[in-house]
Every structure is written in structure tokens, then in C-alpha cells.
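**Q** Would you mind keeping the following structure in view while I ask a few things?
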Ligand code: SF4
């Protein structure tokens, strides 16, 4: 395979990139490459040694490495070409890729289509503005996960975790099992940021104290973290004077959100959704730049890897079709807009011609709700939470009910009965 | 004397705080605050046999990969998770290990094996760009 002959280039070899590349190959694209800056396929799955992966996709309870392994084998079997230790540094609007690696130096080529699968990164201390000194011992939950699960050392003995995202709660359990003492998990919101099963199995099982509506207001220590001060917050998330308490600890882990990595997308002039931080896409997961598709956490942060795989398969399949037909497809004509209590919806536009799955998140937790998709569909749901992504299937049959010339569909999440 | 136990059901995002009442003979007398039947099934299981899959790592004798990811091949009682870790802390493995290989058979007489959930020394090697 020559670089000039590449049909589909996938950027990133985590769960999203592997699923996209495999599907692109299966959908008939002949020359598929997967470009990865690390030295192996699999992305962050290697360090996620806990279980809970694949419950939907494989109907089995797998660990991260087990889930990744199945895709790595398939990448190899289908004949996708991995370009490892190769970092894409340039992407242009006419689909020119520039990358560097240790063997060829700078390489550049123009594939027929591209799938963006760069994933996301963690929000760090700088994004939080916590006052205090700058001692050692403040790190993100994902970095701690790498230390404990891959490199083989525990980053501290007495630990406070800020944020109750899934990685934070999973690390609370993992560090406890490795002999550290987790003093507290501190969450600014009135509810946890991750899945309910993680609250029960990671925090309650080990009697780890959870402080809801609290935040860290100060970090103490010169060389090393000595303690943190936490305080209760009011409805506007401002600390309430007089509620402070200081917890002695040597480590503060941050589990305060993930940000899609879209530097390359911006470079290529792809338009982003200010809410998701990912590209604006149509139902085929095509971005605003023709022939460039996106899937997984680079598009919007998922809570389950199973959905990352499915979404990226769609992006990979679309990229293969684009490469084979070599003709630009149109972005969908109908906008999907977030209405009452909906934070975002992906895809942002649809054609109205095909079956679509809407991936969405709510703004506030609510019980007994009805999701209304314009006036063509409603669906009752028992409970919704911002941390649990909703999937609503919209069959092409249902979309036929749209009036001709519909330009916009508003999706609302309303409380059932009354109001 | 009836005894009340509280459980959070993980069946759906509602996370009902279900109360389970037990009489002094240890029989289940009733459930409260579960918004559906699923909650009763979950709570009974959590009361009688609360099990979890243990996932962890063990040390290897390889310099390039200091740890091997492991898991129990079936769930074990949550009350013995911490004790199980002391056994894994003493365990060392030598390459090659393949995913699924038994690392600790019959962990603490539970009938569950600790098995490898990653490979040791069979990383996907970089073949370079051979264009
Ligand atoms: S009892 Fe039913 S409604 Fe309540 S959390 Fe469990 S599954 Fe959900």
C-alpha cells in the first residue's frame, strides 16, 4: 500500500478509531490506515483494568484490556494498516494529512476520506482555579490510573478526590484495594457525576465518604500536598463561609470532566458545537468539512464504550462510502435542536431520509419524563440524569411524518403528568 | 424485633433507596421505597449474596511491562475483596502470559479463579511504515 492510495485514514487507535477502521474495511474500502501516536493499538483501554465494558456490545462483562483485545485482533484480521508512533500534526480543509514519526520524519498524504477518533483528555487543575500553593501530589484521576494500573506505583497514602465522575470513583476503589486511604470524594453538584453502579460498588462498598454540594477551596502544602480545605456550596455553586473543614491528605485527584481533543479539527476549519466541544455532524457523522467524519469521545464524551464503538462504526462506514463513491455527500438539511432540559443532541443535522439514533444528555436530573421529538414522536422514560446518555431511535418511517420543508426539529424532555 | 437494611438499587438511573425489613429469624418481611419490582430482585441478591468481580493487577518479572491486569472469572463475595488483594500482592508472574490464563486457582476457596485480563509480552509491535 502506498500512502497515495489510502482510501480511509483514521486518526487515533482507541476504541473509536479501531471500530471505525474495521467497519471502513468491512464496508469495502480497500486501503485503510489507522494512525496512532502511542506505540500500540487500544488507547486508554489498557489502563482501564476494571470491568463493565461490553455489557451492551458483546453482552458480556469485560475489562478494558479484554474489550480492547477483541478490536485489536479484528484490526489485524481485517487487514487495516496500523501506523504506530505516528502523530498527526496537520490537517487541512482539503483533507491533506501531515504526520511525524521516528522513521520517516514528516510524511504527508491525501486520503479519500478521514475519520477523526482522537478521543478526549481530562480537565486539569488549571481549568479549576483552586487557590493555594503548587505542591506535588495534585493529579488527574486518569494519570493516577496510569500510575496504579500500568506503571505500578500508588501515588499517595491519604487521598481526596474532587469530582465524582466515573474515573474518579473507580480510582477511589482501586486505590483503596491497593492499601491507600481515600478520605473523601467531593462533588460540587447535588448528585454524582458518574454512573449509579459506580457510586454503590466503588464508594459505598468501601464506606468512602461522599460530600455532595461541596468543593475544594484551598490546597495546603509546600513541597507536597498536606491537606485540602473543602466547603459547602450554595445554589450558585459558590462556597458558603463558615462551612469549611480541612482534611489532611497527601494527594488530590481531579475527576472534573473530559474535553474532546479537537485541535486538528479546528486546524481543518471544522465547525464545533460549543456545548459538546466536538464537531457539528450529520447523521452519517460527517463534519462540516466534506469527507471528514468523526466518532466517539472526540465528538462528545460518552459514558459507555459500547456506544463509542457503535457510533464510530457509523463514521467508519460513512467514510468508506465516501471514499468509494468519491462524491461529496450533503450535510443533512434538518437541524436537531435541544429544547427543554436537553443539554445537547448528536447529530446536529439529519436528512430525514434514513433511520437515525439521537444521542443526547439532559441538563437536570428528572423522574417520570417524556421525550418529545418535534411532533412526530414521544417516548416515556422513568428517570434521566446528566451523567447517563440517552439514545432515542428515530426510524425513517417516523421521519416521513415531517411536513415538507421542515428545517428544524426541537427535542424536549418534559415532566409527565401535570405542568 | 424487625431489622431494616437500606440498599441503593442500581437497576436504573433512579437509584431508589430501598428498605428491606428482616424479622428476628432472618426472614424477609418486606420491601419499601422501590419504584418497581426489579428493585426487590436486586435487593434480595444484595442481601443474601452480594458479589462483585474483582479486577486488579499483579507484578510481573518483565521490565518493559511491570504489571499484568487480572480479574476473577466469576464474581466473589464483596466481603472478601480486601483479603483477596493480600494474595494478589504476593503473586508474581513470568512472561509469556495470555489473556485468560489462570494466575491464582480457586481464590480463597471461592471456586473462582483469578485469570489474566491482558497479555504479557505480546504487545502489538510496531511494524513501521512499509510503503
Ligand atoms: S427499584 Fe426499579 S425504579 Fe428503582 S432504581 Fe431499581 S430498577 Fe430503577
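Chains as they are written, first to last, in this note's numbering: chain A, 1 to 419; chain B, 420 to 550.
Every residue gets a Cβ at the ideal spot worked out from N, C-alpha and C, and that includes glycine.
Note that the coordinates shown come from a computational prediction; the quantities given were computed from them, not determined experimentally.
Measuring only from the beta carbon, is residue 254/A closer than 7 angstroms to any heavy atom that is part of the ligand SF4?
**A** no
**Q** Between residue 214/A and chain B, is there a C-beta pair that is closer than 8 angstroms?
**A** Answer no: the Cβ-Cβ gap between residue 214/A and chain B never drops below 8 angstroms.
**Q** On the DSSP letters alone, give me the boundaries of the alpha helix (DSSP H) that residue 396/A sits inside.
**A** 396-399
**Q** Taking 8 angstroms as the threshold (beta carbon to beta carbon), is residue 196/A in contact with chain E?
**A** Among the protein chains in the structure shown, which are A and B, there is no chain E.
**Q** Does the Cβ of residue 19/A have 16 or more other Cβ atoms within 10 Å, making it buried, or fewer, making it exposed?
**A** buried
**Q** Say whether the region 109-122 of chain A touches the region 289-300 of chain A, bearing in mind that this needs 3 or more beta-carbon pairs closer than 8 angstroms, one atom from each stretch.
**A** Yes: at least three Cβ pairs fall under 8 angstroms.
**Q** What did DSSP end up calling residue 181/A once you bin it into helix, strand or coil?
**A** Strand at residue 181/A.
**Q** Cα separation between residue 77/A and residue 90/A?
**A** 29 angstroms
**Q** Can you tell me which of 424/B, 486/B, 450/B and 455/B puts its alpha carbon nearest to the alpha carbon of residue 535/B?
**A** 486/B
**Q** In whole angstroms, what separates the C-alpha of residue 9/A from that of residue 26/A?
**A** 14 angstroms
**Q** Which residues of the region 422-441 of chain B have a Cβ closer than 8 angstroms to any Cβ of chain A? Give them in chain order.
**A** 427, 429, 431, 432, 433 and 434
**Q** Measuring from the CB of residue 453/B, is there a heavy atom of the ligand SF4 at a distance below 7 angstroms?
**A** Relative to the ligand SF4, the beta carbon of residue 453/B is positioned inside 7 angstroms of a heavy atom.
**Q** Leaving aside the five residues before and after residue 537/B along the sequence, list all residues of the same chain whose C-beta is less than 7 angstroms from its C-beta, in chain order.
**A** Cβ neighbours of residue 537/B beyond the five flanking positions: 487, 488 and 518.
**Q** Can a CB atom of chain B be found closer than 8 angstroms to the CB of residue 190/A?
**A** Taking Cβ atoms only, chain B never reaches closer than 8 angstroms to residue 190/A, which makes this a no.
**Q** Since residue 149/A meets chain B, which of its residues come closer than 8 angstroms, beta carbon to beta carbon?
**A** 476, 486 and 488
**Q** Does residue 58/A come out as helix, strand or coil in the three-state DSSP assignment?
**A** coil
**Q** Among the candidates 409/A, 175/A, 389/A and 388/A, whose CA atom is the shortest distance from the CA of residue 398/A?
**A** When each option's Cα is compared against that of residue 398/A, the closest is 409/A.
**Q** Shortest alpha-carbon distance to residue 69/A belongs to which of 48/A, 42/A and 79/A?
**A** 42/A
**Q** For the alpha helix (DSSP H) containing residue 74/A, name the first residue and the last one.
**A** For residue 74/A, the uninterrupted alpha helix (DSSP H) run begins and ends at 64-78, by DSSP.
**Q** Would you say the region 246-265 of chain A touches the region 227-238 of chain A, given that touching needs at least three Cβ pairs under 8 angstroms?
**A** yes
**Q** Does DSSP put residue 160/A in a helix, in a strand, or in coil?
**A** strand
**Q** So that I know if they touch, is there some Cβ in chain A lying closer than 8 angstroms to that of residue 471/B?
**A** Closer than 8 angstroms to some Cβ of chain A, the Cβ of residue 471/B qualifies, so yes.
**Q** Indicate whether residue 178/A and residue 154/A have their beta-carbon atoms separated by less than 8 angstroms.
**A** yes
**Q** Taking the beta strand (DSSP E) that residue 35/A belongs to, which residues open and close that run?
**A** 32-35
**Q** State the beta-bridge partners of residue 51/A as determined by DSSP.
**A** 63/A
**Q** Along the region 66-84 of chain A, what residues have a CB closer than 8 angstroms to any CB found in chain B?
**A** 66, 69, 72, 76, 82, 83 and 84
**Q** Where residue 209/A and residue 366/A are concerned, what is the direct C-alpha to C-alpha distance, given to the nearest angstrom?
**A** Those two C-alpha atoms are separated by around 25 angstroms.
**Q** Show which residues of chain A have a CB atom less than 7 angstroms away from the CB atom of residue 500/B.
**A** 177
**Q** What do you reckon, is the C-beta of residue 465/B under 7 angstroms from a heavy atom of the ligand SF4?
**A** The ligand SF4 never approaches residue 465/B closely enough for any of its heavy atoms to be under 7 angstroms from the residue's Cβ.
**Q** Three-state secondary structure (DSSP) at residue 15/A?
**A** helix
**Q** So which of 385/A, 233/A, 333/A and 304/A has the shortest CA-CA distance to residue 280/A?
**A** 333/A
**Q** So what does residue 286/A bridge to, in DSSP terms?
**A** 293/A
**Q** Consult DSSP for residue 168/A and reduce its assignment to one of helix, strand or coil.
**A** helix
**Q** Given this structure, state the Cα-to-Cα distance separating residue 547/B from residue 74/A, to the nearest angstrom.
**A** Per-residue confidence for residue 547/B stands at a pLDDT of 40, beneath the threshold of 50, marking its modelled position as unreliable; no derived number is given.
**Q** Taking DSSP as the reference, what is the three-state secondary structure of residue 372/A?
**A** strand
**Q** Indicate, with yes or no, if the ligand SF4 has a heavy atom lying under 7 angstroms from the CB of residue 75/A.
**A** no
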